[in-house]
DNA sequence: TACTAGTTTAGTACCAGGTTATAATAGCAG
DNA sequence: CTGCTATTATAACCTGGTACTAAACTAGTA
């Protein structure tokens, strides 16, 4: 049944094929024949067996992926995932340090990403039409590394109702350990309702 | 020369065409004929005039863009373009505020992007293996808006050789106007290299 | 030895989504 | 009428495939 001896070449080729296409999805079958030294039909049978779509389908998939991620990129609106939010009181967000956030040499997160999480949260926690960071006084307590999950907790310390400023304190933890601390002064749009929980905002989606 | 009267339809159609393709780059010429009520040849002439490539080329371009941005993501290494750099002395970087950096509602830049530029520059200007932000004291002087070019200038104020800290002051301008100011304390490596475990990988091509 | 099966190669027809070139037609301006 | 633009039509050709049929080259086995 299973010849079992000269069966390897095919499997090997399949592996190579998968790897080549993963490394460079822009390759045509014809280019692959040159690299694998088999006929174009073999390449096509292999793709069939492996369920690898043709070049054009691959490119279309990639295009669709990137197109979707461009569309749904209010990713920049808030850095990190908001876990809990009590407007004008406190908030919690989570942010996992990925490759693109670290110095490639050391795996240590660039400070501005940690700051961005805290800043986003400090702004988000202020319940106002417009909230902008005025000043910040921050401390990076220890470096954060690739893969670590940063939990930022923001507390609104004071709202100077007339003066249209709010003080927000943010602490960021990895596990039990505090890694960042910042005091933010946030400008808020003056002249409107100071919320005590009774404000509905319809323009917020 | 320019008939000027029934000349509009074409221009209008060109506009519509561009818009349709921009909105949905996945449309074939045949689908476009149905929307614009002209022959497929007209669509193709239009694309030719407008320099819009065929569907497959569009998808390929999109795929390449997303592929590149995944591969070459030291895009995050420095925020903004370094224009001038004198290590341990000063540096200048430029950063243009784009759509993805602003609050969509107001067109005002999120603070952490402005901070990121300054922070990146403050770190870059320190001539050392490893440089990390320790603390920062920052002030957002006025809000920065979509399309504005931020010029950040960093000055190294002191290097405490033994103590492995440096003070860097950064000023960010839009035109003549200062929009941000920050005092950074940067940790620097006290002269050691961080070994990454010494793994050589031969399985790489 | 011949039979059988898995693997590889070859060849043909066909398809989508075009490009390129060439020609025919409509509509109006001078 | 001539000349010009815009539009449409027609046909040949291209790339990078799919789908299908058929042949040829392994081997192992009865």
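Residue numbers (this note's numbering), protein chains in the order written: chain A, 1 to 205; chain B, 1001 to 1205.
C-beta atoms are modelled at their ideal positions from N, C-alpha and C, and glycine is treated no differently.
Cα-Cα separation, residue i to residue j
{"i": "residue 19/A", "j": "residue 102/A", "result": "27 Å"}
{"i": "residue 27/A", "j": "residue 21/A", "result": "7 Å"}
{"i": "residue 1149/B", "j": "residue 1115/B", "result": "14 Å"}
{"i": "residue 1085/B", "j": "residue 1035/B", "result": "53 Å"}
{"i": "residue 1208/B", "j": "residue 176/A", "result": "The question about residue 1208/B has no answer here: the residues shown for chain B are numbered 1001 through 1205."}
{"i": "residue 29/A", "j": "residue 64/A", "result": "22 Å"}
{"i": "residue 186/A", "j": "residue 1141/B", "result": "12 Å"}
{"i": "residue 47/A", "j": "residue 146/A", "result": "36 Å"}
{"i": "residue 1118/B", "j": "residue 1125/B", "result": "11 Å"}
{"i": "residue 1088/B", "j": "residue 165/A", "result": "37 Å"}
{"i": "residue 94/A", "j": "residue 179/A", "result": "13 Å"}
{"i": "residue 16/A", "j": "residue 50/A", "result": "12 Å"}
{"i": "residue 182/A", "j": "residue 1083/B", "result": "30 Å"}
{"i": "residue 1014/B", "j": "residue 31/A", "result": "38 Å"}
{"i": "residue 1138/B", "j": "residue 169/A", "result": "15 Å"}
{"i": "residue 12/A", "j": "residue 38/A", "result": "13 Å"}
{"i": "residue 23/A", "j": "residue 45/A", "result": "20 Å"}
{"i": "residue 75/A", "j": "residue 1113/B", "result": "Bear in mind that a pLDDT of 40 at residue 75/A, under 50, signals an unreliable position, so the model cannot answer this."}
{"i": "residue 173/A", "j": "residue 104/A", "result": "22 Å"}
{"i": "residue 58/A", "j": "residue 1110/B", "result": "36 Å"}
{"i": "residue 136/A", "j": "residue 1106/B", "result": "21 Å"}
{"i": "residue 42/A", "j": "residue 53/A", "result": "15 Å"}
{"i": "residue 71/A", "j": "residue 131/A", "result": "Reliability fails at residue 71/A, whose pLDDT of 38 lies under 50, so the model's placement of it is uncertain and the value that follows must be treated cautiously. For residue 71/A and residue 131/A, the distance between alpha carbons rounds to 25 Å."}
{"i": "residue 1060/B", "j": "residue 1025/B", "result": "11 Å"}
{"i": "residue 1009/B", "j": "residue 1100/B", "result": "35 Å"}
{"i": "residue 1159/B", "j": "residue 1167/B", "result": "7 Å"}
{"i": "residue 123/A", "j": "residue 96/A", "result": "19 Å"}
{"i": "residue 1033/B", "j": "residue 1155/B", "result": "59 Å"}
{"i": "residue 40/A", "j": "residue 1040/B", "result": "34 Å"}
Within chain B, the residues that residue i reaches when beta carbons sit closer than 9 Å
{"i": "residue 188/A", "result": "Within 9 Å Cβ-Cβ: nothing; residue 188/A doesn't reach chain B, min ~13 Å."}
Sheet register partners of residue i (DSSP bridge)
{"i": "residue 1037/B", "result": "Beta-bridge pairing links residue 1037/B to no other residue."}
{"i": "residue 1085/B", "result": "1091/B"}
{"i": "residue 133/A", "result": "186/A"}
{"i": "residue 1052/B", "result": "Paired residue(s): none; residue 1052/B is not in a bridge."}
{"i": "residue 178/A", "result": "173/A"}
{"i": "residue 1156/B", "result": "1168/B"}
{"i": "residue 109/A", "result": "102/A"}
{"i": "residue 58/A", "result": "Looking at the DSSP assignment, residue 58/A forms no beta bridge with any residue, so it has no partner."}
{"i": "residue 140/A", "result": "180/A"}
Supposed contact pair residue j and residue i - C-beta distance, whole angstroms, cut 8 Å
{"i": "residue 1171/B", "j": "residue 1133/B", "result": "That belief does not hold up - the Cβ atoms of residue 1171/B and residue 1133/B are roughly 17 Å apart, past 8 Å."}
{"i": "residue 121/A", "j": "residue 98/A", "result": "Wrong, their Cβ atoms sit about 18 Å apart, outside the cutoff."}
{"i": "residue 143/A", "j": "residue 108/A", "result": "5 Å"}
{"i": "residue 189/A", "j": "residue 127/A", "result": "No, residue 189/A and residue 127/A are not in contact; Cβ-Cβ is about 11 Å, not under 8 Å."}
{"i": "residue 157/A", "j": "residue 1056/B", "result": "That belief does not hold up - the Cβ atoms of residue 157/A and residue 1056/B are roughly 57 Å apart, past 8 Å."}
Where residue i meets chain B, residues with beta-carbon distance less than 7 Å
{"i": "residue 207/A", "result": "With chain A running from 1 to 205 in the structure shown, residue 207/A is simply not present."}
{"i": "residue 60/A", "result": "1059"}
{"i": "residue 63/A", "result": "1059, 1062 and 1063"}
{"i": "residue 124/A", "result": "Those within 7 Å of residue 124/A in chain B number zero; the least Cβ separation is about 11 Å."}
{"i": "residue 154/A", "result": "In chain order: nothing, as chain B lies at least about 14 Å away."}
Within chain A, the residues that residue i reaches when beta carbons sit closer than 8 Å
{"i": "residue 1120/B", "result": "110 and 112"}
{"i": "residue 1079/B", "result": "112"}
{"i": "residue 1166/B", "result": "The premise fails here: residue 1166/B is roughly 14 Å from chain A at the closest Cβ pair, so nothing lies under 8 Å."}
Where residue i meets chain A, residues with beta-carbon distance less than 7 Å
{"i": "residue 1042/B", "result": "Those do not exist, as residue 1042/B stays about 25 Å from chain A at its closest Cβ, beyond 7 Å."}
{"i": "residue 1106/B", "result": "130"}
Any non-hydrogen atom of the ligand ZN closer than 8 Å to residue i Cβ
{"i": "residue 26/A", "result": "The ligand ZN is absent from the structure shown, which contains no ligands of any kind."}
- Message: Please list, in chain order, the residues of the region 1129-1152 of chain B that have any C-beta partner in chain A closer than 7 Å.
- Response: So the close ones are 1130, 1132, 1133, 1134, 1135, 1136, 1137, 1138, 1139, 1140 and 1143.
- Message: Output needed in chain order: residues of the region 1171-1187 of chain B with a Cβ under 8 Å from some Cβ in chain A.
- Response: Result list empty, no residue passes.
- Task: For the region 17-28 of chain A, enumerate the residues whose C-beta is nearer than 8 Å to any C-beta of chain B, in chain order.
- Result: Hits within the stretch, in order: 25 and 26.
- Item | Residues of the region 1078-1097 of chain B with Cβ closer than 8 Å to any Cβ of chain A, in chain order | Look at the region 1078-1097 of chain B: the residues with a C-beta under 8 Å from a C-beta of chain A are 1079.
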